[in-house]
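Worksheet: the structure to be examined is printed underneath.
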Amino acid sequence: MKRFQYNLQSVLEYKQSVLDDLKEQYAIRLKFVDEKKQQIANLRAKADALNVEFDGIKQQGAAIEKFLMYSNMIDNLDKQVELEKEALKILQANADKKKEEVIAANIDVNKFEKLKEKKQEIYKAQERKDNEAFIDEFVNNQQNSVVRSA
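Residue 22 is where the sequence shown starts when you use the numbering used here, and the numbers rise one by one after that.
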């Protein structure tokens, strides 16, 4: 009997390659999200360091221009953090959208894999039946030749 051949194998392989591509795209988007989070954390760390430095200057006393300079730098960093948070929301939304695509593609691939498994089980069952029929026929032929020779 010939070997099992899944007639939708090329479709399954195509769906699998689409899934792999989507997973790569999702990983890239997650990398962008992580980089943006790190960028925000760095900006916050700079703002915190400036706040500590500004508190020290307040304690020592300094010219009003220096106070204004620190205040402006801290405000600018806070604004930059807010802008980066908005960019992070967009990046996260893009990553979430790609994740949904990955899930849908994964479901699609699983459908074809389950169908392949079912077809393979049917094939194996038919193969067993054919083997049993062959054995039965062989035994009957052997019995008939024994009866004829007796």
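Glycine included, C-beta positions come from ideal geometry on N, C-alpha and C. For clarity, every value in this text was computed on a predicted model and none was experimentally measured.
Determine the contact status of residue i and residue j, defining contact as a CB-CB distance below 8 Å.
i	j	result
Phe2	Leu29	Outside the displayed span of the chain (22 to 171) sits residue 2, for which this structure offers no information.
Leu64	Ile95	no
Ala116	Leu33	no
Lys119	Gln46	yes
Exposed or buried, residue i, counting other C-beta atoms within 10 Å across all chains shown (16 or more means buried)?
i	result
Tyr35	exposed
Arg169	exposed
Go through its chain and collect everything with a Cβ distance to residue i's Cβ below 8 Å, but skip five positions before and after it.
i	result
Leu40	Val123, Ala126, Asn127, Asp129 and Val130
Lys79	Phe88
Lys57	Glu105, Ala108, Leu109 and Leu112
Ser166	none
Ile143	none
Report all residues from its chain with a CB closer than 6 Å to the CB of residue i; omit the five preceding and five following residues, and keep chain order.
i	result
Leu43	Glu122, Val123 and Ala126
Phe53	Leu112
Lys137	Tyr27
Phe75	Tyr91
So the alpha helix (DSSP H) residue i belongs to, where does it begin and stop?
i	result
Phe53	Gln30 to Gln81
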